[in-house]
Amino acid sequence: MQACRACGAGASLDAHFCPQCRTILPLVRRQTDYFTFFGLPRKLRIDAVDLEQRLRTLSRQFHPDYFYNAATAERRASLERSSYLNDAYRTLKSPVARVEYLLSLEGRAANGPEEASKQVPPALLEEVFALNEELDEVREMRASGAPAEEWRSRLERARQPIDAKREEHEQQLQELSARWDERGESDVLDALRDRVLERNYINNLLAGIERELSQ
Amino acid sequence: MAYSNKVIDHYENPRNVGSLSKEDPNVGTGLVGAPECGDVMKLQVKVNPATGVIDDAKFKTFGCGSAIASSSLATEWLKGKTVDEALAIKNTDIVSELSLPPVKIHCSVLAEDAIKAAISDYKKKQAATGKPAEKAAQPTA
Ligand code: FES
């Protein structure tokens, strides 16, 4: 509980406004989180339409224009709540950022790059490395004037396994998210973290292939 | 992003790019990656089994300029060092030599990890093969 500074009434820590006098309450970051701020449970499956509606309602309520003539503390609260709201929305809107955020909330984020690189299966690193080498060769082929069909078909072939992997990944992310939402088991979080760690490698590679193909 | 001159030099003229035979019992291979950016780095050392000195080092990095420079520098430093001296190389040494900014520290960590991984691979191989000289002397069927 916190006390409203305007009227002294008690308000719960996650309230945006005093329940008595409707004064906007100051934002205390360490007492809230993005889910709570939006009035959502700590779950991974979020309905995009619902999230956007909540965003609209809250941003109207916090809008600095309404607090133009208000006391300094209230003006500050409105600015802080508005900017926190935007950060929260950006994070929760993206399925991956949402997972990463949940992991950090639950204290399950990877501890620095050293630990992170050990959690990625060596086989994936091998595969990524081999595909990067392949990309390099294709670049050389192009540079030495090989016909477009030749290097294009090689690129297309190279992307197949990695495309498949990405799909598999998406699916696993969804399944794991569903499991977290239903049971909230913490070992699910570890599996989620591993998927998130593997993701950048896959996306990076695909981006490299796309770049070559679009040139 | 402003790179220091040393980074640019290593980036434009990387030393020791390439690979050594993975099958060679005296070669240790380290393959590491940085999940933040998805960059990967392979670093290999070839150790003289009689002296324990690193005779040769090669790398191949698919990543940012700082990662390439860090691994290029690492291979330069590794040559002529003993295995134990090599393990003493810290990512902070690389950071100061290349004047890497804070956002690029993980690139140097990648290089340190690669050195450690390569050496531990070498040690594992040595333990597994026993005495390579005797093995080589065995007649092939
Ligand atoms: S940005 Fe990832 S290794 Fe440099």
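Chains as they are written, first to last, in the working numbering: chain Y, 510 to 724; chain F, 10 to 150. C-beta: ideal position from N, C-alpha, C; glycine also.
Whole-angstrom distance between residue j and residue i, CA atom to CA atom
{"i": "Y/Asp703", "j": "Y/Arg539", "result": "27 Å"}
{"i": "Y/Ala512", "j": "Y/Ala520", "result": "6 Å"}
{"i": "F/Lys144", "j": "Y/Glu719", "result": "Residue placement at F/Lys144 cannot be trusted, given a pLDDT of 46 that sits under 50; the coordinates are not used to answer."}
{"i": "Y/Thr545", "j": "Y/Pro656", "result": "57 Å"}
{"i": "F/Lys90", "j": "F/Asn57", "result": "11 Å"}
{"i": "Y/Pro604", "j": "Y/Ser568", "result": "22 Å"}
{"i": "F/Val49", "j": "Y/Leu522", "result": "45 Å"}
{"i": "F/Ala137", "j": "F/Gly27", "result": "26 Å"}
{"i": "Y/Gln680", "j": "Y/Arg661", "result": "28 Å"}
{"i": "Y/Ala639", "j": "F/Pro44", "result": "17 Å"}
{"i": "Y/Ala673", "j": "Y/Arg666", "result": "12 Å"}
{"i": "F/Gln135", "j": "F/Asn35", "result": "7 Å"}
{"i": "Y/Ser613", "j": "Y/Pro630", "result": "21 Å"}
{"i": "F/Asp64", "j": "Y/Arg688", "result": "52 Å"}
Amino acids of chain Y, ordered along the chain, whose beta-carbon sits closer than 8 Å to that of residue i
{"i": "F/Lys106", "result": "Residue 106 of chain F is actually Glu in this sequence, not Lys. What F/Glu106 touches in chain Y: nothing, since even the nearest Cβ is about 19 Å away."}
Own chain partners of residue i with C-beta closer than 7 Å, once the 5 adjacent residues on each side are dropped
{"i": "Y/Ala524", "result": "Leu534"}
{"i": "F/Ala127", "result": "Gly37, Thr38, Gly39, Leu52, Gln53, Val54"}
{"i": "Y/Arg675", "result": "Ile711, Leu715"}
{"i": "Y/Leu664", "result": "Val647, Ile718, Glu721, Leu722"}
Per-residue burial, residue i [other beta carbons within 10 Å of its own, 16 or more giving buried]
{"i": "Y/Thr731", "result": "In the structure as shown, chain Y begins at 510 and stops at 724. Residue 731 of chain Y is therefore absent and cannot be evaluated."}
{"i": "Y/Glu609", "result": "buried"}
{"i": "Y/Tyr543", "result": "buried"}
{"i": "F/Ala146", "result": "The pLDDT assigned to F/Ala146 is 48, lower than 50, so where the model puts this residue is not dependable; a value taken from the coordinates is nonetheless given after this. F/Ala146 is exposed by the Cβ-count criterion."}
{"i": "Y/Asp645", "result": "exposed"}
{"i": "Y/Ala597", "result": "buried"}
{"i": "F/Val104", "result": "buried"}
{"i": "F/Gly42", "result": "buried"}
{"i": "Y/Arg668", "result": "buried"}
{"i": "F/Ala78", "result": "buried"}
{"i": "Y/Glu707", "result": "buried"}
{"i": "Y/Asn641", "result": "buried"}
Cutoff 8 Å; reference residue i; Cβ partners in own chain excluding five residues on either side
{"i": "F/Thr84", "result": "Arg24, Asn25, Leu52, Ala66, Lys67, Phe68"}
{"i": "F/Ser75", "result": "Tyr12, Val16, Leu107, Leu109, Lys113, Cys116, Ser117"}
{"i": "Y/His572", "result": "Ser587, Ser591"}
Residue i: contacting residues in chain Y (beta-carbon distance under 9 Å)
{"i": "F/Leu40", "result": "Pro631, Leu634, Glu635, Phe638"}
Sequence-distant residues of its chain with Cβ nearer than 6 Å to residue i (five each side left out)
{"i": "F/Glu121", "result": "Asn100"}
{"i": "F/Lys15", "result": "Leu107"}
{"i": "F/Ser81", "result": "His19, Pro23, Arg24"}
{"i": "Y/Arg584", "result": "Phe576"}
{"i": "Y/Arg514", "result": "none"}
Listed by chain order, chain F residues near residue i by CB distance under 8 Å
{"i": "Y/Tyr710", "result": "Gly42, Pro44, Gly47, Val49"}
{"i": "Y/Leu706", "result": "Pro44"}
{"i": "Y/Asn713", "result": "Cys46, Gly47, Asp48"}
Residues that residue i contacts on chain F, provided the C-beta gap is smaller than 9 Å
{"i": "Y/Leu588", "result": "Those do not exist, as Y/Leu588 stays about 28 Å from chain F at its closest Cβ, beyond 9 Å."}
**OP:** Select from the stretch 41-54 of chain F all residues with a C-beta closer than 8 Å to any C-beta belonging to chain Y, and list them in chain order.
**Re:** Val41, Gly42, Ala43, Pro44, Glu45, Cys46, Gly47, Asp48, Val49, Lys51
**OP:** Pull out every residue of the stretch 639-651 of chain Y whose Cβ sits closer than 7 Å to any Cβ of chain F, in chain order.
**Re:** The stretch 639-651 of chain Y vs chain F, Cβ under 7 Å: Asn641.
**OP:** Can you give me, in chain order, the residues of the stretch 53-73 of chain F that have a beta carbon less than 7 Å from any beta carbon in chain Y?
**Re:** Phe71
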